[in-house]
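Protein sequences appear in the order of chains A and B.
Position in the first sequence counted from 1, then plus 760, gives you the numbering used here.
For the second sequence, counting from 1, position 70 maps to 63 in the numbering used here; every step adds exactly one.
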Amino acid sequence: MKHLTEEEMMEHYYSEDFGKAKAEAHLQACQQCSKAYGELSRLLRSVQAPSLPPRDSEYGTQVWQSIQGSLQPYAPTPKRRFFLWPQFAYAAACVLVLAGAFWAGRIWEHVHSMPFVAGSEQQAKERVVLFVLDNHLDRSERLLVQLNHTNGEENDVDSRLQAEAQQLLSDNQLYRQSAARANDPLLNAALDHLERVLLEVANSGNELTSTDIASIQKEMNTQGLLFQIRVLRAKVSEQKPNAGAIRKGATI
Amino acid sequence: MGNDDYALIRSVLAGEKDAYGLLVARHSQSVFRIAFRITENEADADEVVQETFLRGYRKLQDFDARSNFGTWVYRIAMNCALDVLKKGKRQTAVPIAEEYDSELSSVQLADCAAGPDRLVLSQEIEKRRHAAMERLTPTERVAFVMRHMEARSTEEIAAALGIAPNSAKNAVFRAVQKMRQSLAPLWVRS
């Protein structure tokens, strides 16, 4: 019998588990899990929101009075009397339609006469994406190596590490979303894992202590992630044109 | 309510600044509630409320007419509260809350206790809950408050914090673990 993990119990408590009925059935059948779940839910039920200090009905007015001085009114949008003149509007619409038809014709001709160039543009775009992704993975790999080898005693190293993690975090979110859209589960999973590590490093207060770093290394399996990133880098490098030449140090 | 809000927003964008005062009056209580739950400090919560409505005003042109103003301003409030927490963490060294102390075993009480014992237990739980909240990272804290006290879904938390749903779930899980470390010793296992 496979027992419920602590995470699954938490999801069940917050009713976010997909197999709710299955978990319920297991809890009824397994005394060990039932006891552990009982303890968890009793503990979570005891955690109450702190009581709110009272705010009277004038609170909103007070807030408004305190901020209104620093707000500049938006400039009203000018009314376009121009278009109230129907003859002029009609003429302008005709000119627009003609201009639109002319440009559409130009674009149609351009697209149909240069199919090969359009293909090259697509390839060029893909090359840029691969180059940027490779660069991101390279920076992430260096950060993970540093994280795995640092002992948290050198404060300068730690602050640089956090600053780098913050920079990488926003880029990583974009790449993860792109990977999800492109239906690339391997890349998506690795970037998701990386994002969690970056988030922890970036938001770990003003200094990372050796305990924090050890905890991140252990709980987030940064060694495993480093391996995943290296595998992905190798794959990305293979897809890049002239990858072999670059690796061998040849000039282009 | 939603349509009224949108009419007010259009008035503000048309140059009627005072219309924003009505939006502030309408939503300030709910913004204060989330701000206080996250910061657990009255002055910080008031600061968050002011900053939220200031940011809201400046970003009002970006407001999507299909959205709900209350939800939109709630997200801004959460991010302002997160900023206040991060700033607070930088300025003050947060003491590491005590883990289970064997000397405290005298306050371990059965949860079925009633009367004065129950009161002592509640006070001790509150003390330890507060200490555990201080130990959470800003992201964990916001995620936990949203999940546990505001009953928001993982997707909503992730969207508000701008992180992946898995990261949001992980943040809540880590917060629950830390809560458990702090509070578990208080319960007598039957």
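Every residue gets a Cβ at the ideal spot worked out from N, C-alpha and C, and that includes glycine.
This one's a predicted model, so the numbers in the text were calculated from it and none came from an experiment.
Within 8 Å, strictly: CB atoms of residue i and residue j
i: A:A950; j: B:M142; result: no
i: A:L812; j: B:F29; result: yes
i: B:F62; j: B:D(-2); result: yes
i: B:C186; j: B:R51; result: Because chain B spans -6 through 183 in this model, residue 186 of chain B falls outside it and cannot be assessed.
i: B:S146; j: A:E776; result: yes
i: A:L893; j: A:L921; result: no
i: A:L803; j: B:L176; result: yes
i: A:K780; j: A:H772; result: yes
i: B:T130; j: A:S964; result: yes
i: A:G820; j: B:A36; result: no
i: A:Q1064; j: A:A962; result: The question about residue 1064 of chain A has no answer, for chain A in this structure spans 761 to 1012.
i: B:E133; j: B:R167; result: yes
i: A:L907; j: A:T982; result: yes
Beta carbon proximity, residue i to chain B, threshold 8 Å
i: A:E767; result: yes
i: A:I976; result: no
i: A:A923; result: no
i: A:D944; result: no
i: A:P810; result: yes
i: A:A1010; result: The pLDDT assigned to A:A1010 is 39, lower than 50, so where the model puts this residue is not dependable; a value taken from the coordinates is nonetheless given after this. No, A:A1010 does not count as interfacial toward chain B.
i: A:A835; result: yes
i: A:D952; result: yes
i: A:S997; result: no
i: A:R815; result: yes
i: A:S826; result: yes
i: A:L856; result: no
i: A:N963; result: yes
i: A:T982; result: no
i: A:E901; result: no
C-alpha gap between residue i and residue j, whole angstroms
i: A:E818; j: A:I827; result: 15 Å
i: A:K995; j: B:Y13; result: 53 Å
i: B:V24; j: B:Y67; result: 6 Å
i: B:A164; j: B:F137; result: 7 Å
i: B:I2; j: B:Q54; result: 9 Å
i: B:A125; j: B:I31; result: 13 Å
i: A:Y797; j: A:S930; result: 37 Å
i: A:E768; j: A:H872; result: 56 Å
i: B:V5; j: B:L16; result: 10 Å
i: A:R936; j: A:L947; result: 8 Å
i: A:L985; j: A:E869; result: 50 Å
i: A:A785; j: B:N159; result: 26 Å
i: B:V77; j: B:H20; result: 20 Å
i: A:V888; j: B:K171; result: 44 Å
i: A:I973; j: B:M71; result: 27 Å
i: A:R990; j: A:P833; result: 53 Å
i: B:R122; j: A:E901; result: 38 Å
i: A:R993; j: A:N932; result: 15 Å
i: A:S997; j: A:N895; result: 10 Å
i: A:L958; j: A:D944; result: 21 Å
i: A:T910; j: A:K782; result: 44 Å
i: A:A853; j: A:W863; result: 15 Å
Test: residue i CB closer than 8 Å to a CB of chain A
i: B:A103; result: Because the pLDDT of B:A103 is 45, which lies under 50, any placement of that residue in the model is unreliable, and the number read from its coordinates should be weighed accordingly. It does not: the Cβ of B:A103 has no partner Cβ on chain A nearer than 8 Å.
i: B:G63; result: no
i: B:V17; result: yes
i: B:S23; result: no
i: B:A0; result: no
i: B:A177; result: yes
i: B:T147; result: yes
i: B:N72; result: no
i: B:V135; result: no
i: B:E33; result: yes
i: B:A90; result: Because B:A90 sits at a pLDDT of 41, beneath the cut-off of 50, its placement in the model cannot be relied upon, and the following sentence gives the value as read from the coordinates. B:A90 does not count as touching chain A.
i: B:I5; result: For the sequence presented, residue 5 of chain B should be read as Val rather than Ile. At least one chain A Cβ lies under 8 Å of B:V5.
i: B:K171; result: no
i: B:I156; result: yes
i: B:L47; result: yes
i: B:V100; result: Annotation note: pLDDT 40 at B:V100 (below 50); position unreliable, no value reported.
i: B:R111; result: no
i: B:Q174; result: no
Cβ-heavy atom distance, residue i to the ligand FAD, below 7 Å
i: A:Y773; result: You won't find the ligand FAD in this model; it holds no ligand whatsoever.
#### Entry: Near-chain C residues of the segment 785 to 807 of chain A (beta-carbon distance less than 8 Å), N- to C-terminal order
Although the question refers to chain C, the structure presented lacks it and instead comprises the protein chains A and B.
### Task
Quick one: which unbroken alpha helix (DSSP H) runs of 4-plus residues sit fully inside the segment 779 to 844 of chain A? Chain order, please.
Counting whole runs of 4 or more residues, the segment 779 to 844 of chain A contains the alpha helix (DSSP H) stretches 780 to 789, 791 to 806 and 819 to 827.
### Message
If we require 4 or more residues per run, which alpha helix (DSSP H) segments fall completely within the segment 122 to 171 of chain B?
### Response
The DSSP assignment places complete alpha helix (DSSP H) segments of no fewer than 4 residues inside the segment 122 to 171 of chain B at 131 to 137 and 147 to 154, in order along the chain.
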